[in-house]
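Structure, as structure tokens:
2 protein chains.
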Amino acid sequence: MAHASSDQTPATWRHSAEVALRAAGLRCTFPRRAILDWIAAATGPFTAEQLVAALEAQHGSSSRATIYRLLDWLQSAGWLTRIYSDGTQHAYARFWPGHHHTAVCVRCGSAAVISECHVEESIRPALAALDFEIHGHVLELYGVCTNCRTRAD
Amino acid sequence: MAHASSDQTPATWRHSAEVALRAAGLRCTFPRRAILDWIAAATGPFTAEQLVAALEAQHGSSSRATIYRLLDWLQSAGWLTRIYSDGTQHAYARFWPGHHHTAVCVRCGSAAVISECHVEESIRPALAALDFEIHGHVLELYGVCTNCRTRAD
DNA sequence: CGAGTTATTGATACACTGTCGCAAGTTTAT
DNA sequence: ATAAACTTGCGACAGTGTATCAATAACTCG
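So the protein sequences, as listed, match chains A and B. Counting in the numbering used here, the first sequence runs from 1 upward without gaps. Counting in the numbering used here, the second sequence runs from 1001 upward without gaps.
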């Protein structure tokens, strides 16, 4: 590992997100640390309610309101991305600030991040015809990851 | 208009969706017709609850359950597409079966359909690196439509 | 056209997710 | 340590979507 500080590992995410939290003038409280810990330990996308349930099972739990408040902030700051696949629930995946997309495995639920994005370029001809001024987009890919494919009987 | 039957107008949508409904062995009841009528008359995306409220205001209303059931079917059959922009609610836009994307105007809420799609092509190099077998994707674009832009002061 | 068969409806009750307001408790800076 | 300010958590609430099931309406066939 050449550049430990720029590796996008869960531990690095955990640390960087906390630094960003403090830099934003927010306080690093016990409930917030518990939330960050749990997210850092998550191996794939998760819903807000999974997080609520997991922390309720712990002794020092965080309340639903606190959890939703921090999730909102983490998303707006780019440390989480919304996953829209199942629609009605607030689902998230760990993320790094910047423009990325996710490839979600429909079997195991793991989400891979794709940083190259030429979507707006490739759709530009169609948009030009519509005379539509584009501000942003949501792209989410679904499929089967390597692990699940090799494990298929 | 050269090919009236292939025009993608609201009236054609209304007719084709009903034909598809019958072809699927489903019955064309009064509540279902009211729902199709309202959707055909809609000028942009709408939420399930807007539809519920609109039909409640009519004399012969359809119940919430009936509405949600038909919306589910219309979506699964490709006559509606889910709009994910506001997240928690079930929002839809009129649609034609086949692969399309939507460009949603953030000012007026109108949704334009984009039929050309080279998204998976353009993202293929990144996916190859991940060894991810792609099954499908969700793409939604946000921006400002011509009307709203020319109307800006 | 009328009776039988079967899908569909709607009412109600329910479950779940997410939000709000405020008093009490923590964190941070001095 | 102390004060100021932010944060928490509780409880109550609201909105959205779902399940159940008897009553009803739509098709089909003779």
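Here a beta-carbon is modelled for each residue, glycine too, at the ideal position from N, C-alpha and C. Just so we're clear, the structure is a prediction, and the values are computed from it rather than from any experiment.
Would you kindly work out how many angstroms separate the C-alpha atoms of Tyr92 of chain A and Ser1016 of chain B, rounded to a whole number?
Each residue's alpha carbon lies about 37 Å from the other.
Starting from Asp131 of chain A, find everything on chain B with Cβ-Cβ shorter than 7 Å and list it in chain order.
By Cβ distance, chain B contributes Thr1146.
Would you mind reading off the limits of the beta strand (DSSP E) that contains Arg82 of chain A?
Counting along the chain, the beta strand (DSSP E) containing Arg82 of chain A begins and ends at Leu80 to Ile83.
Listed by chain order, chain B residues near Ala128 of chain A by CB distance under 7 Å
Ordered by position in chain B, no residue passes the 7 Å Cβ test against Ala128 of chain A, which lies about 11 Å from the chain.
So what does DSSP say about Leu26 of chain A, is it helix, strand or coil?
Note: Leu26 of chain A maps to coil in three-state DSSP.
Considering only the beta carbon of each residue, do Pro45 of chain A and Val104 of chain A sit closer than 9 Å?
Judged by their CB atoms, Pro45 of chain A and Val104 of chain A are nearer to each other than the 9 Å cut-off.
Cβ-Cβ separation, Cys1145 of chain B to Cys1108 of chain B (assumed contact under 8 Å), whole Å
Their Cβ separation, rounded to whole angstroms, is 7 Å, which keeps Cys1108 of chain B and Cys1145 of chain B in contact under 8 Å.
Beta-carbon contacts of Leu80 of chain A that lie in its chain and below 8 Å, excluding the five residues immediately before and after
In chain order, Ile39, Leu71, Leu74, Tyr92, Ala93, Arg94 and Phe95 place their CB closer than 8 Å to the CB of Leu80 of chain A, counting only its own chain and leaving out the 5 sequence neighbours on each side.
Please tell me whether His1101 of chain B and Ile1114 of chain B are closer than 9 Å, where the distance is taken between their beta carbons.
Going by C-beta atoms, His1101 of chain B is nearer than 9 Å to Ile1114 of chain B.
Under 9 Å between C-beta atoms, does Leu1141 of chain B make it to chain A?
Yes, its Cβ sits closer than 9 Å to a Cβ of chain A.
Just curious, the beta strand (DSSP E) that Arg149 of chain A is in, first and last residue?
According to the DSSP assignment, Arg149 of chain A belongs to no beta strand (DSSP E) but to the alpha helix (DSSP H) extending over Thr146 to Thr150.
Should Ala136 of chain A be labelled buried (16 or more other beta-carbon atoms within 10 Å of its own) or exposed?
It should be noted that the sequence gives Gly, not Ala, for residue 136 of chain A. Exposed: under 16 other Cβ atoms inside 10 Å.
Chain B contacts from the region 106–124 of chain A (Cβ-Cβ distance under 7 Å):
Listed in sequence order: Val106, Ala112, Ile114, Glu116, His118, Val119, Ser122 and Ile123.
Buried or exposed for Ile67 of chain A, please, with buried defined as at least 16 other CB atoms from any protein chain shown within 10 angstroms of its CB.
With 16 or more Cβ atoms within 10 Å of its Cβ, Ile67 of chain A is classed as buried.
With Arg1069 of chain B as the anchor, note down where its alpha helix (DSSP H) starts and where it stops.
From DSSP, the alpha helix (DSSP H) with Arg1069 of chain B extends over Arg1064 to Ser1076.
Name, please, each residue of chain A whose Cβ falls closer than 9 Å to the Cβ of Ile1213 of chain B.
Not covered by the structure: residue 1213 of chain B. The range shown for chain B is 1001 to 1153.
For Ala1126 of chain B, the three-state DSSP class (helix, strand or coil):
Reduced to three states, the DSSP call for Ala1126 of chain B is helix.
Which residues, taken in chain order from the region 7–33 of chain A, show a beta carbon closer than 7 Å to some beta carbon of chain B?
Per Cβ criterion, the list is empty.
Using the C-alpha atoms, what's the distance from Thr43 of chain A back to Leu51 of chain A?
Cα-Cα distance, rounded: 13 Å.
For Ala1042 of chain B, the three-state DSSP class (helix, strand or coil):
Reduced to three states, the DSSP call for Ala1042 of chain B is coil.
Just mark Gly98 of chain A as buried or exposed, buried being the case when its beta carbon has 16 or more other beta carbons within 10 Å.
Gly98 of chain A is exposed by the Cβ-count criterion.
Residue burial classification, Ser154 of chain A (beta-carbon count within 10 angstroms, cutoff 16):
What is shown of chain A runs 1 to 153, which leaves residue 154 of chain A out entirely.
CB Leu1036 of chain B to CB Glu1049 of chain B, shorter than 9 Å?
Going by C-beta atoms, Leu1036 of chain B is not nearer than 9 Å to Glu1049 of chain B.
Out of B:Tyr1142, B:Ala1023 and B:His1090, state which residue places its alpha-carbon closest to the alpha-carbon of Phe132 of chain A.
Ranked by Cα distance from Phe132 of chain A, the options B:Tyr1142, B:Ala1023 and B:His1090 are led by B:Tyr1142.
For His15 of chain A, name the three-state secondary structure that DSSP assigns.
In the three-state scheme derived from DSSP, where H, G and I count as helix and E and B as strand, His15 of chain A is classed as helix.
Find out if the Cβ-Cβ distance for the pair Ala112 of chain A, Leu1055 of chain B is shorter than 9 Å.
Contact check for Ala112 of chain A against Leu1055 of chain B fails: the beta carbons are separated by 9 Å or more.
In three-state terms, what does DSSP make of Arg1094 of chain B?
Looking at Arg1094 of chain B - three-state DSSP - the assignment turns out to be strand.
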